[in-house]
Every structure is written in C-alpha cells, then in structure tokens.
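Protein chains in written order, with the numbering used here: chain A, 8 to 362; chain B, 8 to 362.
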C-alpha cells in the first residue's frame, strides 16, 4: 500500500461485492491473519455482524444492505409472495444482529424504501434494484468518509498528536474511515500527525485494527492500554481526540465504543478538544438523548479473557456493555459530511438535515 | 477459607518465611495456578519483585526486608568486611528492582538502620537481628492493614457497591489488604458489600488477583474492563471507590497503578467518594508533589498482548507507564492506620507523622 494509491481508492477493502456474494475482511483474525469471509445470504451476514467479523457503524450498515441484496438475488426466481416473505425475514434477522449502531437500521430502512418502490416490478428486477441500492450505499459511504476527512482535517494542527479510541477507520466503513479518515486526510494534506491508539478492551479494536491500519500507512502510532489515556493527557502528550460514533442522539449525545466516555471526561478536564467524526446516517433524530440509546450487553467471555485464554477466576460475575454515552456537553464538535458542527445541540443536529 | 479464620490470621499468605528462605505466591500464575516460588537470596527476591511474582507496595516492602535478611543469613559466616559489602550490594540490587512504590525504600531504610545498630555485633548476631526486623515489618504490616480496614469500614455504607482498581488486597500486602482490607473489614462487621473490580490492564491484577481474592471469600464481585468504569458510574452503579497507593507525595497526591487517575476523575464528575487506603509507610514526605514521583516504564510486551499471545501488529510503538498520579484534590480521604484523613493536603500529611 502506498499513499498515492490510497488517495484514489480505498486501500483497505473491508467489504467486497462480487455480484453473488459479500466478502468481508475477518476482523476477528487481524492483525495476525488477513483473510476474507464469504457471505451468501442474509443470515450469514447477520452472523458476521453479530460475531464482529465486520464491525463499525458504517460498515455494518453497508454489510446489512448487501445482506438484503444477497437474499433478494437468492429469491429472485421465487413467486412474489415467497420473495416478499423471505425478504421480510432477512430484514428481521439483520435488524436483530446488533442493537446500538443506528447505521444498521438506517441502511435497512433505505433498502426497505427501495423494496417498496419496486414492489410492482418482477422479483428479478426488484433484486437488481436492491443490489443497486446496496452498491449506492457502499459508494456513498466512501464519498461521505472523504468529505468527513476533508472537513475534519482543518481541525488538525500540523504536528498534532491525536488520540483515538476503538477503530473508526477504513475497517469500520466502506473505506477511508471517519475518525481515521480525518487523520488520513490531514496526512494527505501534508500535515505531520502521530496517533495514540487506545487498545479498546475487551475486543481490542484499537490494538488490533487501528494500530494495523496506521502501521500499513506508515502513520506513526503508539499503542496504550485504555487505562493510560489519563496519564498521557496529564503529561501533555495529546493535542486532540477524534473518535467515531455508533449512534448520535437528537441532542448531540454520542454512543460509541465502551471507554469513549472516560476519554471525553479526561479530555474536558485537560481542555483537549474532543471531536466525533460520523456520517449523518449515524444521527438518530428519533432518539431524544443518549440515555434512550439501547446499549448492547455482550458475552462474559470477552471480559474474562481473550483469544481462547481465560485469566479471570471461575465464579466471578461479569458486565460487558459494548458502548457508552458521551453527553453532548463534552463534545467539542461533530464532524459530518456537511462539515464541522461545534458544540452540538438539538437545534444544530436538526439543522444538519435541513441544509 | 472461611470468614472466622480470616479474622484471626491472613487467609492468603502472600509471603511465607521459613527461616532460611522466602516463599512467595507466584502472582503471575494466578488464578489458574496457585504456587509458591522460593527465594534464597537478595538477588532472587529482587528478580521476583521486578518480574511481579510479588507486587503491591506493602508486599514489596516486606519482600525486600526478607531479601536483606536472607543475604545476611547467607553471609553470616563471612568476615565482617565481606558481610558488609555483600549486604551493601543486596541493598542496591533490591532498591533497583522497582522505582515507584516507596514502601520498598522505606523497608530497606528500616533494615539499614537495624544493620547500623548492630554493626558492632558479630555477623551471626547481625544476621539474626536483620531477620527479626524483617519479621517485625511483616507482622506490623498485617496489624496496620487491620487498622486501616477498621478505620475505613466506617466509610462503607451497608449495601454499598464499591469499585476498586488493581489489587490492593491480601496479595499486595502481608495480609488482609489495604483497599480490600477495608472491604473485608466492612464485611466482617456485618455489612453487605459488593465489589466492581476493574480488570487493570496491562497486568490484569484486577481480573486475576482481586477477583480471585473476593471469589475465595465469597464477596460478590463483578469484573469489568477498565474502559467500563465511566459507564458504571453514569448508570449509578457505584457508591464509592477505594484504591491502594504506591506512593503518596507530601501534598497528598497519590501514585497508584496506571488507570487510577481516570477513575478518580470520573468519580469526581459523578460525586462518588474516592478513597485511598495505604499505610503511613506509603507516604513520602521527601517528595513534595505527585509530578516528582518516578513513574516506572515497563516493557512493550505487556501491552502488545498477554500470556504469550500477541494481538498488536508488528511495527507499532508502545508506551507502558505502570503508574499514574491522582492529584490530592480528587481524593475524598486517605485511610491509614491512624484513621481517616479527609481532603488530604500538606499540613494533614505532615500531621499524620506527628501524632
């Protein structure tokens, strides 16, 4: 991979559409193994989302759209009523895969609208229309990420050391990334940037995915445990924080990977700007505030160990909320494809959709 | 193990003195294996401290004292000059084992004073005197922990859910523990308590040691990753925080295991009391404030993986500060064997040594 090719097409192809299947980089295996996992129907895509083969709000949205497209292709020869009922099932299984990231529901709702729009056409034509819509969602996501990156790069001073949490990179999107998209764009504009990647327990998206993406692109990256973020800020080593989002409430509260909220609280204490980079499809105007966002609780085994080894004693209880909510008051600005929205609030969130 | 025996003698014997060797629970192997590692001289004790076979500020102090005692016994038949130079070497190697916890230096300085006091006696008598002093340091530590536990228990409401970070338990001391000593004492007084244990990356003292100690004693414990502390507080699930300390500066700033500072910042935001439990030997009046406390930087391999598996990509830089500093302003009270000192400051820290 080199820088100039990166600026033309996504260097990391998180999702690949072959015409009759969806190929996903198996993010559970990174960085030790780079391999694709194939999905041929909606249930396989839903399982890949649930098992975190693919993760990251925009990537989940794209995957779900292709899941519907696959199911439609598989059913294209069936009678309309069966086609419709199989599609309805596919929508349900995909919607049940993960609860927090709203892009999943946003993408499914776009696919549902397309499905309704072609309800009078043949099932074969409907299937092609749904494939087309999934491809549009995918293509738009890359463009949106580049727009986010361009808008956000203006906030990154030359020489900045940027902390990020989890992975909001190419691997979390169709390409380029949201938070890492800003960092990539800043670098592409000629700025020297260095990154501090929080490892992001329990699933280690920072250690495994963000570190991997940045090493690939030769952007200097220092890995720390999540517990070290405060110390790094206290020692003056962090100039700004950029993270992605899984769902942004109507008032600007941000649900993102567990551990984001503590980083925001620490950034506020140290007067370090805290930016959230996300597409408009992550903003959920139907949810008035962060406390109403459903927080996924995942299995205990993610916390009691990692990768087949267990380090916690038998008999311990475990909590494993996969996300937390950062109140809007701690967010310096939200960066979307429409630009930079400082000090987000309800009026500004609404206005983003009106412009 | 049962509660009544616990109240008489330390149920977990972190250090065992046999008369001619020091046996240490190998804390690297817990909770999957419970085994003792034997040390026969000062260099072996220093290595055990450096490798974190034994850890926790008070336990390190006790181990270092026994390290000197062992070396004195081994050299008891040598001429005085050789005895003295071997002992001087032992002091040096032990002092170099870990830099942050001050109890190590405090214990070595007590042993040095004893050594000076018996300089005119035979080397055999000197060795016996040093063994006696190490045993006194050990015995006093248990008594001190019980006094800390008793004083702190008054701060724990019945039914409280207590968050702790790292392990400041029996395993971190000669017995009973400091932070966990308070929890044990509260339970022994008949209070219902539950504990949230932060896993404490990178070395996982919370997941491995604190969870193990509490499961042994049937105190309900919920394990979380460090990144979940903010969410738990936000959801109103934490009534108070108690942690130990590795060194407390003259102004009340507290150096403790990395990740303590973020917990203190979060507790302050949520108006949750943040208590530090530590013996007077942890207070270092020679260090005016926290920023002057040396922070140990440990190896990259602790951060890039765990237990022989590596999950970070090749090429990533790593930071691994083992401790951070919580400013006194965030500490609700320090609990020592002299009682509870709310809102610690320089005058109060000095006064503790004058009473």
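C-beta: ideal position from N, C-alpha, C; glycine also.
Looking at the backbone, the Cα of residue 226 of chain A and that of residue 200 of chain A are separated by about 7 Å.
Residue 208 of chain B is positioned such that its CB atom lies closer than 8 Å to that of residue 233 of chain A. Going by DSSP, residue 138 of chain B is part of no beta strand (DSSP E) but of the alpha helix (DSSP H) stretching over 130-160. In the three-state reduction of the DSSP assignment, residue 328 of chain B falls in the strand class. Contact check for residue 75 of chain A against residue 94 of chain A passes: the beta carbons are separated by less than 8 Å.
Interface criterion met: the Cβ of residue 207 of chain A is under 8 Å from a Cβ in chain B.
Neighbours of residue 215 of chain A in chain B, taken as residues whose beta carbon is under 9 Å from its own, are 318, 319 and 320 in chain order. Taking 8 Å as the cut-off, the beta carbon of residue 63 of chain A is found closer than this to the beta carbon of residue 180 of chain A.
The segment 281-296 of chain A makes no contact with the segment 277-293 of chain B: fewer than 3 CB pairs, one atom from each, lie closer than 8 Å. Cβ-Cβ distances below 6 Å link residue 305 of chain A to 327 and 329 in the same chain, with the five nearest sequence neighbours on each side left out; the list follows chain order. Contact of residue 229 of chain B with chain A by beta-carbon distance below 7 Å involves 324, 325 and 326. Residue 291 of chain A sits in a strand when the DSSP states are folded into three classes. Within chain B, the residues placing a beta-carbon under 7 Å from that of residue 272 of chain A are 237, 272, 273 and 276, ordered along the chain.
For the segment 248-262 of chain A, the set of residues with a beta-carbon nearer than 7 Å to any beta-carbon of chain B is empty. Distance from the CA atom of residue 267 of chain B to the CA atom of residue 42 of chain B, rounded to whole angstroms, is 29 Å. With a 10 Å radius around the Cβ and a threshold of 16 neighbouring Cβ atoms, residue 25 of chain A comes out exposed. Secondary structure note for residue 267 of chain A: its alpha helix (DSSP H) is the uninterrupted segment 267-276. Residue environment: residue 220 of chain B is assigned as buried (16 or more neighbouring CB atoms within 10 Å of its CB, all protein chains considered). With fewer than 16 neighbouring CB atoms inside 10 Å of its own CB, residue 360 of chain B falls in the exposed class. Residue 281 of chain A sits in a strand when the DSSP states are folded into three classes. Following the DSSP letters along the chain, one finds residue 346 of chain A inside the beta strand (DSSP E) bounded by residues 346-349. Here the alpha carbons of residue 262 of chain A and residue 300 of chain A stand approximately 7 Å from one another. In this structure, the CA atom of residue 174 of chain B is about 17 Å from the CA atom of residue 69 of chain B.
Ranked by Cα distance from residue 275 of chain A, the first of A:118, A:245, A:264 and A:302 is A:245. When C-alpha distances from residue 97 of chain B are compared across B:131, B:125, B:137 and B:65, the shortest belongs to B:137. Of the residues B:345, B:338, B:303 and B:144, the one whose Cα lies closest to the Cα of residue 104 of chain B is B:303. Close partners of residue 311 of chain A in chain B (Cβ separation under 8 Å): 214 and 230. Under the DSSP assignment, residue 97 of chain A falls in the alpha helix (DSSP H) whose first and last residues are 87-102. Taking a C-beta cut-off of 7 Å against chain B, none of the residues of the segment 43-77 of chain A qualify.
Residue range 110-124 is occupied by the alpha helix (DSSP H) that includes residue 111 of chain A, with no beta strand (DSSP E) assigned at that position.
Here residue 45 of chain B is exposed, its C-beta having fewer than 16 other C-beta atoms within 10 Å.
By the neighbour-count criterion, in which a residue is buried when 16 or more other Cβ atoms sit within 10 angstroms of its Cβ, residue 86 of chain B is exposed. In this structure, residue 156 of chain A sits near residue 189 of chain A, with a CB-CB distance shorter than 8 Å. In this structure residue 203 of chain B is not in contact with residue 249 of chain B, their Cβ atoms being roughly 11 Å apart against a cut-off of 8 Å. The Cβ of residue 269 of chain B sits closer than 8 Å to at least one Cβ of chain A. Residue 347 of chain A places its beta carbon 8 Å or farther from that of residue 218 of chain B.
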